[in-house]
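In this note's numbering, the protein residues as written are 252 to 453.
Where a beta carbon is used, it is the ideal one built from N, C-alpha and C, also for glycine.
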């Protein structure tokens, strides 16, 4: 919560969180990493597009860090939307970067799902398929990833049915399913961090 709302209360102590750029530079100290902001999360300003596109044309790989804002119309309570496209002009920036011709890897740093649309098939990090071909993609989700904040303020994992849907908008969800969590309710530690491994089969 401090990371989500810290900007509204600058006088309060803030939790530290590394940016994607800082994490990349720490992980790849020998790589030449350039940075261009492109656009803000919701700002309609496109003045940074040309600079970002110039960086993209000169790079070997482009990492697009697209993000949302908690509590300000893109993620969090009271921020429901019918349109799942990226907020602001981020979608336009993404299309411009893809059009630059350099392989683009998109990282979504957000608390809600977004629909990337047709441009998803042009990203570098994707599952390639020939016409008529199908492949199984398996996400191994730990039960603790379903935890939510309970009445006592703890992160709680409770048994029950979890519904899953994939689509481009709230009224267009062609893929739907569910899975069941069994066992006793339990509290998940605040420091619990889990990954979701992805396996691509034939």
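By the beta-carbon neighbour count (other beta carbons within 10 angstroms, threshold 16), residue 349 is buried.
Residue environment for residue 304: buried (at least 16 other C-beta atoms within 10 angstroms of its C-beta).
Residue burial is scored here from C-beta neighbours: residue 369 has fewer than 16 other C-beta atoms within 10 angstroms and is therefore classed as exposed.
Residue state for residue 384 is assigned as coil, using DSSP reduced to three classes. Residue 372 and residue 380 have their C-alpha atoms spaced approximately 10 Å apart. Secondary structure in the stretch 328-368: the alpha helix (DSSP H) runs of 4 residues or longer, each lying completely within the stretch, are 341-350 in chain order.
Taken through DSSP and simplified to helix, strand or coil, residue 389 comes out as strand. Counting other Cβ atoms within 10 Å of its Cβ, residue 352 stays below 16 and is therefore classed as exposed.
Excluding residues up to 5 positions away in sequence, 282, 284 and 314 lie with their Cβ nearer than 8 Å to the Cβ of residue 275 in the same chain.
In the DSSP assignment, residue 433 falls outside any beta strand (DSSP E), carrying neither H nor E. Residue 407 and residue 444 do not touch by the CB rule: their CB atoms are close to 17 Å apart, not below 8 Å. In chain order, 438 place their CB closer than 6 Å to the CB of residue 405, counting only its own chain and leaving out the 5 sequence neighbours on each side. Judged by their CB atoms, residue 360 and residue 376 are not nearer to each other than the 8 Å cut-off.
The stretch 331-351 makes contact with the stretch 287-299: 3 or more CB pairs, one atom from each, lie closer than 8 Å.
Around the beta carbon of residue 277, a 10 Å sphere encloses fewer than 16 other beta carbons of the protein chains shown; the residue is thus reported as exposed. Within its own chain, the residues whose Cβ lies closer than 7 Å to the Cβ of residue 302, once the five positions on either side in sequence are excluded, are 287, listed in chain order.
In the three-state scheme derived from DSSP, where H, G and I count as helix and E and B as strand, residue 397 is classed as helix.
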